[in-house]
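There are 4 protein chains.
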Amino acid sequence: MARRKPTQARALRTRARILEAAAALIEREQLPGLNTNAVAREAGVAIGTLYDYFPNKDAILVALLEAFRERLAERLAVAVGDPSDPVDAIAGRVVDAFYAFYAEETGYAALWLGAQVAGAPLRETSDAWSDSFGAWLEGLIGARAPQLAREDRAPVARTLVYLVSGLLSAALTRPEAERPRLVRETKRAVIAYLHAALASAAP
Amino acid sequence: MARRKPTQARALRTRARILEAAAALIEREQLPGLNTNAVAREAGVAIGTLYDYFPNKDAILVALLEAFRERLAERLAVAVGDPSDPVDAIAGRVVDAFYAFYAEETGYAALWLGAQVAGAPLRETSDAWSDSFGAWLEGLIGARAPQLAREDRAPVARTLVYLVSGLLSAALTRPEAERPRLVRETKRAVIAYLHAALASAAP
Amino acid sequence: MARRKPTQARALRTRARILEAAAALIEREQLPGLNTNAVAREAGVAIGTLYDYFPNKDAILVALLEAFRERLAERLAVAVGDPSDPVDAIAGRVVDAFYAFYAEETGYAALWLGAQVAGAPLRETSDAWSDSFGAWLEGLIGARAPQLAREDRAPVARTLVYLVSGLLSAALTRPEAERPRLVRETKRAVIAYLHAALASAAP
Amino acid sequence: MARRKPTQARALRTRARILEAAAALIEREQLPGLNTNAVAREAGVAIGTLYDYFPNKDAILVALLEAFRERLAERLAVAVGDPSDPVDAIAGRVVDAFYAFYAEETGYAALWLGAQVAGAPLRETSDAWSDSFGAWLEGLIGARAPQLAREDRAPVARTLVYLVSGLLSAALTRPEAERPRLVRETKRAVIAYLHAALASAAP
DNA sequence: CATGAATGAGTGTTCATTCAT
DNA sequence: TATGAATGAACACTCATTCAT
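Residue numbers (the numbering used here), protein chains in the order written: chain G, 1 to 203; chain W, 204 to 406; chain V, 407 to 609; chain A, 610 to 812.
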């Protein structure tokens, strides 16, 4: 009845197994086909156990999305590298890291796309992350382009977030052979937009 | 079984009413919540009548998407205006027309997003349109930038398609007050990317 | 509203077309798959017209079954031939005629089988015909075997009816190559049973 | 999806209750009127539970038919009794056992008849059993009438199967008072046919 | 006379969630 | 703690029948 707070090692492991199962199924079948009974079966857990760890289906997806995004955030932090590098180089590395993550964690793209048409809880989680990713970008931009007015940074950052997420997940719907080219175009779009946005703020 | 090929005026009107009802519901709820009984009820039609006009649920959504896109295509053709205008002006008008359509036909954005995580029929219709919109853009680009190699035009056009669709539908998830600013950023991104893509092909 | 009594030639023709369409569909799809809209379409008639000629679906099937049976009765009457022939010869010709009819009018077997598990109206029509076929057989038997007590003739006749109908329609479910052999066995069963039944009544 | 493989005693009981409910309904209505919601209601089970045990409607009917036939096969094996008894005595006992089963398990006849006009899965199950019953009969015949050529046994056995099944299920459609007489005629037909078939193979 | 658009109860099936063991 | 049997609202779709034109 009282939802368990998983403090013990075994409980944590079970929780992880459930999330992994959900990820595997999204990868195999797409978000709309996902159902809790299938997740439990894939995780090797009784359906009742699944509901001991998560209050409802949405909570599983929210947790999975958060897990994905924690991993993605780590990768992006690494990709930034030396913050005094040229902006173009940083941008290129970030896009590459982003794309590598999409390509490896196939379930992630499906979940991200699905989140945009899903019910409120998932959509809000997704939006929250866009916000925090946006804030992180704002910080980066502020450090490198102090001439850009504070209130202009938010829309620029947000535009970058959607630009990268949108183009890369679209790339995944195309045949494999086209993708490297589309990744290149994504970088070009990002860099061009960045330059344009920063230039407009110049003296 | 025998889908009605509407010969009477009344039949044509009924078909339209069903599509309008579907559009209204997508606008109010979201794509995943759409169900055929609700569409019939909203259209003021018996469920059996709905199935006289469409063989299944997917066919309704496909027809709706096609209807949306015909209307969008007309708007975009008008927006291009004088093809000898500066590229930036044309791009600005196209983005504005695009956004105006999204803002008026609110259901369209939800359907477009939903199509990407939907079953095969809807996804294929959506892809087909991205292709034909891409081809149209390729034509525009070829006319204005003959220096761009033929085989480079396709990825550039496709990138533009996803860039505009993605940024504008994302804009609609934001509070109304932010939107004009995001539309402006979208234009800036489009123009910057266009310049970058064309410049790379210069002698 | 008032069901039409088809006196005009055109009306009779329409009625016949509807029955033919039903027969064709039963042949193609089996009884359970039959639906009135499909019958109307196959007949090239509007669904409303169909209901001008028949008050409901059952009435169509009843009429069709009766039409089949009139034709079958004619064939059987011919098959009897010279009533002074040996009983075995007559029996052989009757079984052959029966089987030929089943094989030509494929829909008939499906309808006959279906009638046995159908709702009351169809089942009653089917039973009525078994009765009248039985009566006809009783007449034949009485003429050739006056020693058989009156009250014994009915069960014998009825047994013969079900024996022939059952074995022959079962034969149609078997591969084509087996059928001639099964027809032969049917004849043998009929003749053997006839002899046994008549012998038991001998002095 | 994952059909329950019943490990708990309760689960086994539920499965049985569903089959019993289906049998009761077939007995009361007819096969074509049977629907899964009614079966669940009659079984005192939620519709979802029914689908935990059977993947679809056909599977219920197939399972029910198989259960019936297992029971019937046991009865017939007992009815054969001493295999050195006169053939006529064995045949009489088998027909009696057959009829007793039909009379007790009223649903069985309706299901058997229905199976012949049903969709593929049920029809195939039914055919498979006719085959195995036929094979059993072939064995009996071979033991008692070695003079009958091997390749002649199959059609004879099959004819017997359909003869008995057909006549007895037809008997059930007649008023109760007539039935004993029809059972007697069935025995007479079986015995007469058997003698005729065996005689034809004598030296 | 005929048409065909419209009706709506009914059918098979799914799946998030609960709860007795 | 974990299990898995059970629930039932909801959904996509069919088809016999009616009735305005």
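The beta-carbon is built from N, C-alpha and C at its ideal position, and this holds for glycine as well. Note that this is a predicted model, so its numbers are computed, not measured.
Residue of the options minimising C-alpha distance to residue i
| i | options | result |
| --- | --- | --- |
| residue 428(V) | 526(V), 587(V), 517(V) | 517(V) |
| residue 798(A) | 489(V), 606(V), 586(V) | 606(V) |
| residue 125(G) | 153(G), 9(G), 64(G) | 64(G) |
| residue 93(G) | 191(G), 198(G), 196(G) | 191(G) |
| residue 668(A) | 743(A), 644(A), 620(A) | 644(A) |
| residue 475(V) | 457(V), 434(V), 503(V) | 503(V) |
| residue 507(V) | 481(V), 528(V), 525(V) | 481(V) |
| residue 560(V) | 788(A), 725(A), 676(A) | 788(A) |
| residue 240(W) | 384(W), 342(W), 260(W) | 260(W) |
| residue 145(G) | 25(G), 177(G), 194(G) | 194(G) |
| residue 746(A) | 650(A), 686(A), 620(A), 663(A) | 686(A) |
| residue 322(W) | 234(W), 338(W), 284(W) | 234(W) |
| residue 254(W) | 274(W), 214(W), 368(W) | 214(W) |
| residue 512(V) | 570(V), 420(V), 432(V), 533(V) | 432(V) |
| residue 104(G) | 161(G), 131(G), 71(G) | 71(G) |
| residue 770(A) | 742(A), 627(A), 783(A) | 742(A) |
| residue 197(G) | 148(G), 165(G), 177(G), 164(G) | 148(G) |
| residue 750(A) | 766(A), 650(A), 625(A) | 766(A) |
| residue 211(G) | 384(W), 389(W), 353(W) | No answer is possible for residue 211(G): it lies beyond the span of chain G, which begins at 1 and ends at 203. |
| residue 208(G) | 73(G), 33(G), 15(G), 8(G) | There is no way to answer for residue 208(G), as the model of chain G reaches only from 1 to 203. |
| residue 752(A) | 738(A), 726(A), 689(A) | 689(A) |
| residue 385(W) | 159(G), 174(G), 67(G), 184(G) | 159(G) |
| residue 29(G) | 91(G), 53(G), 109(G), 177(G) | 109(G) |
| residue 377(W) | 82(G), 20(G), 184(G), 128(G) | 128(G) |
| residue 270(W) | 379(W), 316(W), 387(W), 219(W) | 219(W) |
| residue 420(V) | 439(V), 430(V), 460(V) | 460(V) |
Contacts of residue i in chain G (Cβ-Cβ under 9 Å)
| i | result |
| --- | --- |
| residue 379(W) | Here the premise fails: no neighbours, minimum Cβ distance about 14 Å. |
Neighbouring residues, chain A, relative to residue i (Cβ below 7 Å)
| i | result |
| --- | --- |
| residue 511(V) | Going along chain A, no residue has its Cβ under 7 Å from residue 511(V), so there is no contact; the nearest lies around 16 Å. |
Contact set between residue i and chain W, taken where Cβ atoms lie within less than 8 Å
| i | result |
| --- | --- |
| residue 51(G) | Neighbours of residue 51(G) on chain W: none; closest Cβ ~22 Å, over 8 Å. |
| residue 117(G) | 233, 234, 235, 313, 316, 317, 320 |
Contacts that residue i makes with chain V (C-beta to C-beta distance below 9 Å)
| i | result |
| --- | --- |
| residue 764(A) | 584, 587, 588, 590, 591 |
Interface partners of residue i on chain W, CB under 7 Å
| i | result |
| --- | --- |
| residue 147(G) | What residue 147(G) touches in chain W: nothing, since even the nearest Cβ is about 17 Å away. |
| residue 15(G) | Per Cβ cutoff of 7 Å: no residues; residue 15(G) is ~26 Å from chain W at best. |
Query raised in the report: For the segment 264–335 of chain W, which segments carrying the alpha helix (DSSP H) assignment without a break, of at least 4 residues, lie completely within its bounds, in sequence order?
Result: 290–307, 309–320
**Report entry** chain W contacts made by the segment 31–42 of chain G, where a contact means CB separation under 7 Å
**Finding:** 31, 32
Query raised in the report: Pairing CB atoms from the segment 244–264 of chain W with CB atoms from the segment 283–303 of chain W, are three or more of them under 8 Å?
Result: no
Requested in this report: Taking a Cβ distance cut-off of 9 Å, strictly less, list which residues of the segment 326–338 of chain W are near chain G, in chain order.
Outcome: 326, 330, 333
Report task. Please specify which runs of the alpha helix (DSSP H), each continuous and at least 4 residues long, are wholly inside the segment 535–596 of chain V, giving them in chain order. Result -> 556–577
Requested in this report: Pull out every residue of the segment 362–375 of chain W whose Cβ sits closer than 7 Å to any Cβ of chain G, in chain order.
Outcome: 362, 365, 366, 369, 370, 373
Query raised in the report: So, do the segment 370–384 of chain W and the segment 167–174 of chain G have three or more beta carbon pairs nearer to each other than 8 Å?
Result: no
Query raised in the report: Between the segment 795–811 of chain A and chain V, which residues of the former have a C-beta closer than 8 Å to a C-beta of the latter?
Result: 795, 797, 798, 800, 801, 802, 804, 805, 806, 809
Requested in this report: For the segment 5–58 of chain G, list the alpha helix (DSSP H) runs that are entirely contained and at least 4 residues long, ordered along the chain.
Outcome: 9–29, 36–43, 47–53
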